[in-house]
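**Q** Numbers given in the working numbering equal positions in the sequence shown, counted from 1, plus 1.
The beta carbon of each residue, even a glycine, is placed where N, CA and C say it ideally should be.
None of the values given here were measured: they were computed from a predicted structure.
Have a look at the structure that comes next, please.
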Amino acid sequence: MASDPKIHQFEEVATHNKTKDCWLIISGKRAKIDALLIHGPYIFEKELEAIAPVYDVSSFMDDHPGGDEVLISATGKDATNDFEDVGHSDSAREMMDKYYIGDIDPATVPQKRAYIPPQQPAYNQDKTPEFIIKILQILVPLLILGLAFAVRHYTKKE
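Here it is as structure tokens:
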């Protein structure tokens, strides 16, 4: 890692979201250890939590075992969970050093948004058309069956 990392704005990093130009934000334990090595023991815990390295993985897109779609889907956000969920090997983590281009400015990262479920249409108390169709689905076959029995009964020779 460089001795004086460049600080990138989140908006700038989010624009690099194509196959030929792909930047990812991935933090984790290794990033915190590197931050301690770079900034020294006087870094505050709050600052340590906010450090998130930025990686330019454009040259790695064709070589990624999971394909370039996986990397592109992780752009424009903190991809740490995506990276950790896969369970990358130690060699993959060491490989990240050559793609490191700086850190993200934590003040520019948008706050995590709470999940808002999609709006559902209001419950329709008056389901008259649906109710009529359901009644007809029951009554029409019964009427046909009754008519068949009636025709058979009256046309039967005694």
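Quick one: Cα of LEU148 to Cα of THR156, how far?
**A** 12 Å
**Q** I need the DSSP call for ILE102, collapsed to helix, strand or coil.
**A** strand
**Q** Compute the Euclidean distance between the alpha carbons of GLU85 and ASP69, then round it to the nearest angstrom.
**A** 17 Å
**Q** For LYS19, which of ILE73, HIS65, LYS7 has the nearest alpha-carbon?
**A** Comparing Cα positions, the closest option is ILE73.
**Q** Can you check whether the CB of LYS7 is closer than 8 Å to the CB of GLY88?
**A** no
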